[in-house]
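Read the structure below first, then the notes.
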Ligand code: SF4
């Protein structure tokens, strides 16, 4: 049960700790507020576990015990779409994972600034992860139990899983040219 009084107590205690005030923006399904910090958008959410479970929240690479467990076979395109760099330069496969837990050590592929590693090296270092995640089939830890973006294995997603990352296939070239014409863009910015 979500207890409003308890939520307010924790909310206020946190504000006291950081020496700020805040404007409440909502109380359902959970207490939320904007903290008064000039030039920065900072929000507080006093989480409602029941609504998080109902909304099928992420198991964060197996770290959150309350989240739904799955044996992931669906592809994942997160490392195609994002380049996630942690506060200390650690390059992580996706934002669901944490570089500061040993459970996710295998998902830290490089460290920006260490051994001359730059942004391009970081993106390239993610290549094996992109390859292992792009199709249907069992996934290695920590992705093996991940419930985020579980695509259904219908013909469309099976086709996408086969084509993604296969830049040299003639079909992919044709698709890219057609898409470029449709959106009026001929080269990547
Ligand atoms: S499967 Fe989950 S943990 Fe793995 S890269 Fe995708 S979103 Fe991240």
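In our numbering, the protein residues as written are 2 to 190. Just so you know, even glycine gets a beta-carbon here, dropped at the ideal spot from N, CA and C. Owing to the predicted nature of the structure, the values given are computational and were not obtained by experimental measurement.
Check: Is the beta carbon of residue 6 sitting closer than 9 angstroms to the one on residue 16?
Finding: Here the question's residue 6 lines up with position 5 in the chain shown. Here the question's residue 16 lines up with position 15 in the chain shown. No. Outside cutoff.
Note to self: With distance defined between alpha-carbon atoms, name the residue in 138, 158, 35 nearest to residue 43.
What the structure shows: In the chain shown, residue 43 corresponds to position 42, counting from 1. Nearest C-alpha to residue 43: 35.
Note to self: Please state the DSSP three-state secondary structure of residue 91.
What the structure shows: As a working mapping, residue 91 is identified with position 90 in the chain shown. Three-state result, residue 91: strand.
Check: In this structure, does DSSP put residue 105 in helix, strand or coil?
Finding: As a working note, residue 105 is residue 104 in the chain shown. Here residue 105 sits in helix by DSSP.
Next item on the list: Tell me whether residue 35 sits in a helix, a strand or coil according to DSSP, three-state version.
Entry: As a working note, residue 35 is residue 34 in the chain shown. Strand, per DSSP.
Checklist line | Cβ contact (3+ pairs, closer than 8 angstroms) linking the stretch 92–109 and the stretch 158–167 | finding: no
Item checked: Spatial neighbours of residue 57 in its chain, beta-carbon cut-off 7 angstroms, leaving aside the 5 residues before and after -> In the chain shown, the residue the question calls residue 57 occupies position 56. Closer than 7 angstroms at the Cβ level, and outside the excluded window around residue 57, lie 69, 148.
Note to self: Counting only beta-carbon separations shorter than 9 angstroms, does residue 20 have a partner in chain C?
What the structure shows: No chain C appears in this structure, which consists of one protein chain only.
Check: Near the ligand SF4, which residues have their beta-carbon closer than 5 angstroms to a heavy atom?
Finding: 62, 77, 79, 94, 95, 97, 144, 147, 149
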